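A.B. asks: Here's a structure for you.
2 protein chains.
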Amino acid sequence: MSGAVGLADPSGTSGESRGPGPAPRRAPTLEEVAELAGVSRATVSRVVNGSSRVSPEALASVTAAIAQLGYVPNRAARSLVTRRTDTLVLIVHERPDTVFSDPFFASVLRGVNRALSPTDLQLVLLQAQGEAQRDRALRYVGNGHVDGVLLISLHGDDIMPNAIAAAGVPLVMAGRLLTGRMVDYVDADNVGGARDAVGHLLATGRRRIATVAGPPDMSVGVDRLRGYTEAVRAAGGDAAAGWVVVGDFTEASGQAATERLLAEHPDLDAVFAASDLMALGALRALRAAGRRVPDDVAVVGFDDAALAAYADPPLTTVRQQVELMGQEMVQLLLARIADPDGEPRELILPTELVIRASA
Amino acid sequence: MSGAVGLADPSGTSGESRGPGPAPRRAPTLEEVAELAGVSRATVSRVVNGSSRVSPEALASVTAAIAQLGYVPNRAARSLVTRRTDTLVLIVHERPDTVFSDPFFASVLRGVNRALSPTDLQLVLLQAQGEAQRDRALRYVGNGHVDGVLLISLHGDDIMPNAIAAAGVPLVMAGRLLTGRMVDYVDADNVGGARDAVGHLLATGRRRIATVAGPPDMSVGVDRLRGYTEAVRAAGGDAAAGWVVVGDFTEASGQAATERLLAEHPDLDAVFAASDLMALGALRALRAAGRRVPDDVAVVGFDDAALAAYADPPLTTVRQQVELMGQEMVQLLLARIADPDGEPRELILPTELVIRASA
DNA sequence: ATGAAAGCGCTAACAA
DNA sequence: TTGTTAGCGCTTTCAT
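Protein sequence lines, in the order shown, are assigned to chains A and B.
Under this note's numbering, the first residue of the first sequence carries the number 35, and numbering increases by one thereafter.
Under this note's numbering, the first residue of the second sequence carries the number 35, and numbering increases by one thereafter.
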């Protein structure tokens, strides 16, 4: 029996004092499993952690004891000694003025969870808004509370990626970093997608194609604009200043940008918008100006969140695999955790042009 | 000096071996802070935990040492002894066939994070889909890994709420539970909101008002239907079977339901849809049938995720305060954790009718 | 007000 | 293959 006496009923909380309802028992420990199985703690630990150096009999009795007791390892205790936390953190770092639509984020999250569900890892969510929260997140990450970081950064001049990487914590980003050190990331094929979009417009006879571009300090903005430019130039077209107006991914900015494009080029016959919300804005602006879509002007957007499907007419969009992006971010992160010093990796997911009534 | 010798450079990992880049130092411990401050671990612990029984001098030197070392308490170690985890978990339990739109969830999440950010609590996210994942979540929660649970359950016959409550883990739900024990929850005023919607339709001269209701095993479905029924009956109208068709919150179901309503009552002049996606579906069905909105038929939806704002014409909707819902869920949960045996609490958030072109 | 000491539940050498 | 042992970093009596 050894000194296990005190374990039988710690501090006298045996349920009676709680009144009705099931008594919230203390969770069983390794020690209790070991006793029931008639082996030592170490052996139980080996079983739990899947060590091969365990006899079949020991394995059987331990497994039975675990099942009987409903034993689940205490993460805190384990983490204390292994210095692993079995925890990943997803940080969404936004400016106080949020620009991105939530559905995008929700889809990434869904993918992350899908990838995580067969593992024993848990996901901590940190929505960092503004400097104070950013620093808190950084402190949290920097102090060994997580095994790795998934980062969705919503602005280009973010110090987080470098700070996290510098702290030696494995990191994977959604989207390419424009400056600073090379960091693992997953991204959509924004250049190719934009090229396809413009290619489609060209193929359907459009020649005066304008674009509502994204912010130039974010890779999404830069890449989608590049795809547009390349495609237009390849067709001998003009991708000069007047055909490009920058927005900030919001519907309002898409609308305003399109108004300017119309003022500059009343004869435009197509608009490629670098986000779905901006495409929606473009649609509004065109209608307000009395233009008909798609007969008069065609609109193609980049599908950040499937929102564009609800436009009327539904917008032709470059479909990204947002959920897959979340999944792959996790895979990359796990690989990075397993091999901290490997080469930086990137993964570019293909996009697909979904043609609808609008173009 | 005691036995602190071994701490100076544990296992010789002093950075040189890592090659270039900043050496991933071990995070400073209480012990180190204590030594630097010239006090004992216990005193540092008191300072960190805001105990009053500390002399001003001690407090000052400890505070300085903490700042100098950038000390952050190790959660695992703390949790091991306190049996608190300072962790809440948000469980989204969906059927394999997801019904709810993501934006709703994203908004709740945003509110949860907002409420959490001034605290030291962290949020773990569990997306439980199907039985296997549900049981895993239950095991996780039941074994003391979290201090409390926020639960968004997407179907009516869910065993999770009762299982969690039975395990004695503090729980707050989004939405009212139709059966089983009384559980703390936050909900929108679905009855009142639906009543307002129908009231508006009546006020604008509509008399033949149909509804696309939600699933009858969920409080959202039941309550919105009840609000509709009450309002229609109060006006002396007919809320009988033919005017009510049940959908499952998806756009497709809204469309199908509306088609049936039109078949049954070609003379209907308004549709109240119990979700924004179903309202969108209703819009499509009406158009397909050659009806004009809102001249011919008015449409009002329940706004679960602001998606309806993108319809054309923009839909008149009952606006819920989804983000606030998340915030309040956290407040309720914290209150419950502080007072596990208090009376069950509920919080009904007011809704607001946002009138747009469609009705 | 402060310190000494005992452990929380677990893993990881090391012995056997 | 198994058991023994020594902590991981922290909070918390219990002395002082």
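The beta-carbon is built from N, C-alpha and C at its ideal position, and this holds for glycine as well.
Note that the structure is predicted; figures quoted are calculated from it, not measured.
Along the chain, where does the alpha helix (DSSP H) that runs through L394/A open and close?
C.D. replies: As shown, chain A starts at 35 and ends at 393. That puts residue 394/A outside it, with no answer to give.
A.B. asks: Taking DSSP as the reference, what is the three-state secondary structure of D337/A?
C.D. replies: Three-state result, D337/A: strand.
A.B. asks: So V158/B and L157/A are in contact, right, with Cβ under 8 Å, and what is the actual spacing, rounded?
C.D. replies: Going by Cβ atoms, the distance from V158/B to L157/A rounds to 7 Å, so yes, they are a contact pair.
A.B. asks: Put F306/A into one of helix, strand or coil per three-state DSSP.
C.D. replies: Strand at F306/A.
A.B. asks: Going along chain A in order, which residues have a C-beta closer than 9 Å to the C-beta of H189/B?
C.D. replies: Here the premise fails: no neighbours, minimum Cβ distance about 18 Å.
A.B. asks: Comparing alpha-carbon positions, which option in Q361/A, Q355/A and G376/A lies nearest R148/A?
C.D. replies: If we check each option's Cα against that of R148/A, Q361/A comes out closest.
A.B. asks: If you follow the alpha helix (DSSP H) that Q161/A is part of, which residue opens it and which one closes it?
C.D. replies: That residue, Q161/A, is in no alpha helix (DSSP H); its beta strand (DSSP E) goes Q156 to Q163.
A.B. asks: Under three-state DSSP, which class holds V73/B?
C.D. replies: Residue state, collapsed to three classes: coil.
A.B. asks: I want to check one thing, is the minimum distance from the CB of A273/A to the heavy atoms of the ligand GDP below 7 Å?
C.D. replies: Looking at this structure, you won't find the ligand GDP or any other ligand, since it has none at all.
A.B. asks: Closer than 8 Å is the cut-off here; do at least three beta carbon pairs connect the segment 278-290 of chain B with the segment 223-230 of chain B?
C.D. replies: The answer is no - the segment 223-230 of chain B does not touch the segment 278-290 of chain B, with fewer than three Cβ pairs under 8 Å.
A.B. asks: If we call anything under 8 Å between Cβ atoms a contact, is A61/A one with N177/B?
C.D. replies: Yes, they are a contact pair.
A.B. asks: Between which two residues does the alpha helix (DSSP H) holding S141/B run?
C.D. replies: S141/B -> alpha helix (DSSP H) spans D136 to L150.
A.B. asks: In whole angstroms, give me the CA-to-CA distance for I198/A and R229/B.
C.D. replies: Whole-angstrom Cα-Cα distance: 51 Å.
A.B. asks: Would you decide whether Q161/A is buried or exposed? Buried here means 16 or more other CB atoms lie within 10 Å of its CB.
C.D. replies: Q161/A comes out buried.
A.B. asks: Which residues does DSSP pair with I382/B in a beta bridge?
C.D. replies: In DSSP, I382/B forms a bridge with D221/B.
A.B. asks: When the Cα of A237/A is compared with those of A297/A, D337/A, D154/A and A268/A, which residue comes out closest?
C.D. replies: Cα-wise, what sits closest to A237/A is A268/A.
A.B. asks: Residues of chain A with CB closer than 7 Å to the CB of H2/B, please, in chain order.
C.D. replies: This structure leaves residue 2/B out entirely; chain B is present only between 35 and 393.
A.B. asks: Does DSSP classify T245/B as helix, strand or coil?
C.D. replies: T245/B falls in the strand class under three-state DSSP.
A.B. asks: So, helix, strand or coil for V388/B, using DSSP?
C.D. replies: If DSSP states are grouped into helix, strand and coil, V388/B belongs with the strands.
A.B. asks: In the DSSP assignment, what residue or residues form a beta bridge with L93/A?
C.D. replies: None, per the DSSP bridge assignment.
A.B. asks: Have a look at G261/B and L383/B and give me their C-alpha separation to the nearest angstrom.
C.D. replies: So the two alpha carbons sit approximately 15 Å from each other.
A.B. asks: Under the rule that 16 or more other beta-carbon atoms within 10 Å means buried, what is A391/B, buried or exposed?
C.D. replies: A391/B comes out exposed.
A.B. asks: Any C-beta of chain A sitting closer than 8 Å to the C-beta of T385/B?
C.D. replies: No, its Cβ sits nowhere closer than 8 Å to a Cβ of chain A.
A.B. asks: Do the CB positions of P348/A and D136/B come within less than 8 Å of each other?
C.D. replies: No, they are not a contact pair.
A.B. asks: Going by alpha carbons, who is nearest to Y174/B out of M252/A, R144/A, N108/A and H127/A?
C.D. replies: Taking only the C-alpha atoms, the option nearest Y174/B is N108/A.
A.B. asks: Spell out whether any CB of chain B is found under 8 Å from the CB atom of S287/A.
C.D. replies: Cβ-Cβ to chain B under 8 Å: no for S287/A.
A.B. asks: Going along chain B, which residues have a C-beta under 7 Å from S113/A?
C.D. replies: Those within 7 Å of S113/A in chain B are A110.
A.B. asks: On the DSSP bridge assignment, give the partners of A332/A in chain order.
C.D. replies: Paired residues: A304/A.
A.B. asks: My output table needs one value for L205/A: the three-state DSSP class, helix, strand or coil.
C.D. replies: Strand, per DSSP.
A.B. asks: If we ignore side chains and look at the alpha-carbon of each, how far apart do T119/B and N83/B end up?
C.D. replies: If I take the Cα positions, the gap works out to 15 Å.
A.B. asks: Alpha carbon to alpha carbon, how far is D330/A from G324/B?
C.D. replies: Taking the straight line from one Cα to the other gives about 24 Å.
A.B. asks: Contact defined as beta carbons within less than 8 Å: I believe V142/B pairs with V356/B. What is the distance between those atoms, to the nearest angstrom?
C.D. replies: Contact flag correct, Cβ pair sits at about 6 Å.
A.B. asks: Where do the N-terminal and C-terminal ends of the beta strand (DSSP E) with I186/A fall, by residue?
C.D. replies: That run of the beta strand (DSSP E) goes G182 to S187.
A.B. asks: Does chain B have any CB closer than 8 Å to the CB of S392/A?
C.D. replies: With 8 Å as the cut-off, S392/A does not count as an interface residue toward chain B.
A.B. asks: Taking only beta-carbon positions, decide if A98/B is within less than 8 Å of chain A.
C.D. replies: Not one chain A Cβ lies under 8 Å of A98/B.
A.B. asks: Which value, in whole angstroms, describes the spacing of the CA atoms of A68/B and V88/B?
C.D. replies: Distance between the alpha carbons of A68/B and V88/B: 14 Å.
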